[in-house]
Amino acid sequence: MSIGRLREIRLDKGMSQKEVAKLLHTTQQQYSKYEIGIQILPIEKIVILADYYNTSIDYLLGRTDERKPYPKSILLENEKILVQQ
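The opening residue of the sequence shown carries number 70 in our numbering; numbering runs sequentially from there.
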């Protein structure tokens, strides 16, 4: 995880650590550890944040500086259809 990227995007949205922690169903203390790089953020929580912030996982991980999310995969859409049936 890119140290600083989580903090940067959180502050850009005007959110507190407590608010993001609630979104992730964790504590503010635990989220703080993710944000400063003491603990690794689980992939399922990275996906939640990418969707919430409308960005890509690559952006959150520091692999790109482009905030714009990628187009959704057709595989993901097919998965949602199967789950609903």
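Just so you know, even glycine gets a beta-carbon here, dropped at the ideal spot from N, CA and C.
Keep in mind that this is a model prediction, so the values were computed, not measured.
query                                                                                                          : result
Between the CA atoms of Y128 and E104 - distance to the nearest angstrom                                       : 14 Å
Beta-carbon proximity of K82 to Y122, cut-off 8 Å                                                              : yes
Alpha carbon of K114 to alpha carbon of P138, nearest angstrom                                                 : 16 Å
Ranges of the beta strand (DSSP E) found wholly within the segment 87 to 119, counting only runs of at least 3 : none
Cα-Cα separation between K74 and S142, rounded to whole angstroms                                              : According to the sequence shown, residue 74 is Arg rather than Lys. Using only the alpha carbons, I get a separation of about 24 Å.
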